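Read the structure below first, then the notes.
Numbering (this note's numbering), first residue to last: 2 to 342.
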């Protein structure tokens with residue numbers, strides 16, 4: 002193989018990114034230029050489709066659901082996210098629902114197609130004369146729990162996305178996310194501490210993602226090789242599962258039918274509401290009671306469409322509270338505890 006460029010792709014549940022390097026130059030470059038987003042090493046794993054879920058309108062950060070406009074309440078675009086979870090070996094009830102018109106394979110292929118266009122443009126612009134299918138090796142990081150079926154599906158999606166010219170291409174390789182993290186940590190420690198990690202030294206890698214959390218303990222062997230001291234421990238308990246607990250919390254406050262109707266009729270607004278919860282509340286939670294202040298979740302400001310789905314008795318109670326739900330430390334902990342346990 003005439004490999005001249007290596008591209009590493011991190012296709013994540015909630016965020017994705019890529020890095021690349023030329024064999025003639027050991028420098029690893031991490032992409033930080035995205036559609037309508039500059040300076041970030043990753044963009045959101047989100048797609049925005051037309052009303053028939055056939056064509057992608059936006060992807061990444063621009064595809065995030067926006068607050069409903071008062072001028073244009075009828076939006077034909079549809080946002081879709083968390084589709085990577087369908088590759089995991091989890092029960093159907095745990096997998097996020099997708100529209101009937103959209104399979105998870107198509108969503109993954111469509112996202113990788115958009116990401117692939119940016120990768121091709123970036124690589125061929127930086128190094129002229131690069132023929133993508135001939136000179137570029139793709140290394141894809143996947144969760145450790147992905148089986149051969151999941152990897153085969155990824156190969157199929159990469160091919161459908163135009164990132165390979167064959168499903169059996171030898172220019173696609175997979176590495177597990179914990180393994181990639183372990184190699185990076187080992188080399189990064191050596192570079193920044195100016196000390197060589199001694200042979201037989203052990204270290205733990207904790208990979209907390211949007212869909213999965215993995216823990217592994219590795220030992221450094223001769224020639225920079227790694228062994229796994231303990232069998233990988235992990236599960237589907239990433240940050241997106243805390244978001245689910247938040248929706249359950251709202252169901253207890255506003256009624257399960259209220260949240261179900263929001264999910265069915267205004268999925269984009271539900272996504273926007275979750276984004277606001279993450280940015281304003283979840284990301285700031287440390288688990289320390291002294292660091293936590295009660296937060297006022299304003300329904301009228303964040304998701305006013307919810308009001309029309311509330312039953313009369315709940316609506317009356319919420320009107321008395323000015324449509325504000327107080328989220329205190331115990332409430333937040335109750336969202337994290339089921340995921341952690």
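Positions of the beta carbon are idealized from the N, C-alpha and C atoms, including for glycine. Computed from a predicted structure; not experimentally measured.
Assumed close pair residue i, residue j - CB separation to whole angstroms, cut-off 8 Å
{"i": "residue 260", "j": "residue 298", "result": "That belief does not hold up - the Cβ atoms of residue 260 and residue 298 are roughly 14 Å apart, past 8 Å."}
{"i": "residue 136", "j": "residue 4", "result": "7 Å"}
{"i": "residue 46", "j": "residue 112", "result": "6 Å"}
{"i": "residue 201", "j": "residue 221", "result": "7 Å"}
{"i": "residue 206", "j": "residue 188", "result": "Going by Cβ atoms, the distance from residue 206 to residue 188 rounds to 13 Å, so no, they are not a contact pair."}
{"i": "residue 118", "j": "residue 133", "result": "So it is not a contact: roughly 11 Å between Cβ atoms."}
{"i": "residue 143", "j": "residue 152", "result": "7 Å"}
{"i": "residue 89", "j": "residue 211", "result": "No, residue 89 and residue 211 are not in contact; Cβ-Cβ is about 12 Å, not under 8 Å."}
{"i": "residue 131", "j": "residue 125", "result": "5 Å"}
{"i": "residue 282", "j": "residue 248", "result": "Not a contact, Cβ separation roughly 13 Å."}
{"i": "residue 1", "j": "residue 9", "result": "A question about residue 1 goes unanswered here, because the residues of the chain that appear run from 2 up to 342."}
{"i": "residue 7", "j": "residue 21", "result": "7 Å"}
{"i": "residue 251", "j": "residue 310", "result": "Going by Cβ atoms, the distance from residue 251 to residue 310 rounds to 11 Å, so no, they are not a contact pair."}
Cross-strand partners of residue i (DSSP beta bridge)
{"i": "residue 316", "result": "None; residue 316 has no bridge partner."}
{"i": "residue 49", "result": "59, 80"}
{"i": "residue 186", "result": "Residue 186 pairs with nothing; no bridge assigned."}
{"i": "residue 25", "result": "Its beta-bridge partners do not exist; DSSP assigns none."}
{"i": "residue 35", "result": "38"}
{"i": "residue 176", "result": "142"}
Reduced DSSP category for residue i - H, G, I as helix; E, B as strand; rest coil
{"i": "residue 43", "result": "coil"}
{"i": "residue 17", "result": "strand"}
{"i": "residue 158", "result": "helix"}
{"i": "residue 146", "result": "coil"}
{"i": "residue 181", "result": "helix"}
{"i": "residue 237", "result": "coil"}
{"i": "residue 230", "result": "coil"}
{"i": "residue 221", "result": "strand"}
{"i": "residue 139", "result": "strand"}
{"i": "residue 164", "result": "coil"}
{"i": "residue 153", "result": "helix"}
{"i": "residue 3", "result": "coil"}
{"i": "residue 120", "result": "helix"}
{"i": "residue 64", "result": "helix"}
{"i": "residue 30", "result": "strand"}
{"i": "residue 10", "result": "strand"}
{"i": "residue 109", "result": "helix"}
{"i": "residue 335", "result": "helix"}
Residue burial classification, residue i (beta-carbon count within 10 angstroms, cutoff 16)
{"i": "residue 214", "result": "buried"}
{"i": "residue 172", "result": "buried"}
{"i": "residue 304", "result": "buried"}
{"i": "residue 168", "result": "exposed"}
{"i": "residue 94", "result": "exposed"}
{"i": "residue 244", "result": "buried"}
{"i": "residue 2", "result": "exposed"}
{"i": "residue 71", "result": "With a pLDDT of 47 at residue 71, under the threshold of 50, the modelled position of that residue is not reliable, and the figure given next carries that caveat. Exposed."}
{"i": "residue 342", "result": "exposed"}
{"i": "residue 85", "result": "buried"}
{"i": "residue 185", "result": "exposed"}
{"i": "residue 159", "result": "buried"}
{"i": "residue 284", "result": "exposed"}
{"i": "residue 81", "result": "buried"}
{"i": "residue 267", "result": "buried"}
{"i": "residue 37", "result": "exposed"}
{"i": "residue 178", "result": "buried"}
{"i": "residue 116", "result": "buried"}
{"i": "residue 209", "result": "exposed"}
{"i": "residue 239", "result": "buried"}
{"i": "residue 39", "result": "exposed"}
beta-carbon residue i near the ligand ZN non-hydrogen atom, thresh 7 Å
{"i": "residue 19", "result": "As presented, the structure is devoid of all ligands, the ligand ZN included, so that no description of it is given."}
| field | Uninterrupted alpha helix (DSSP H) stretches inside the stretch 246 to 329 (no shorter than 4 residues) | value | 257 to 266, 268 to 281, 300 to 303, 313 to 321
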